[in-house]
Amino acid sequence: MKAKKGFNLREICGERILIAEGKENIDFSKVISMNESAAYLWNKLQDKEFTTADMARLLTEEYEVDDATALHDAQALAKSWIEAGICED
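Under my numbering, the first residue of the sequence shown carries the number 18, and numbering increases by one thereafter.
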């Protein structure tokens, strides 16, 4: 997987919001809010190829979470990113 170019994470009024920028994302009509761990992963994975296993590893390194929970959460997050069109499989 890889995050699509043209999406930048910004903090607006204490919320982490993914903002679409550039011509290729001009029709992007959704606002994507990210919690702390999702924003952490987005920042770590920008411009890199990654798998859900990579996402899970980052979660276990940063947070007190077991491997199974981290993998489950990473899979759910990756699916939501793909469905939102901000990440390519």
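Glycine included, every Cβ here is placed at the ideal spot set by N, Cα and C.
Which residue wins for smallest C-alpha separation from residue i, given the options the options?
i	options	result
K22	E66, S50 and Y80	E66
Should residue i be labelled buried (16 or more other beta-carbon atoms within 10 Å of its own) or exposed?
i	result
I103	buried
D106	exposed
I49	buried
Checking 8 angstroms against the spacing of the C-beta atoms, do residue i and residue j come in under that value?
i	j	result
A55	L94	yes
A85	T69	no
A20	Q63	yes
L88	M51	no
May I have the straight-line CA-CA distance separating residue i from residue j, to the nearest angstrom?
i	j	result
E53	W98	15 angstroms
E79	L58	10 angstroms
N60	V82	19 angstroms
G31	M18	28 angstroms
Worksheet item: Three or more C-beta pairs closer than 8 angstroms, one from the stretch 70-89 and one from the stretch 24-36: is that the case here?
Response: Touching, no.
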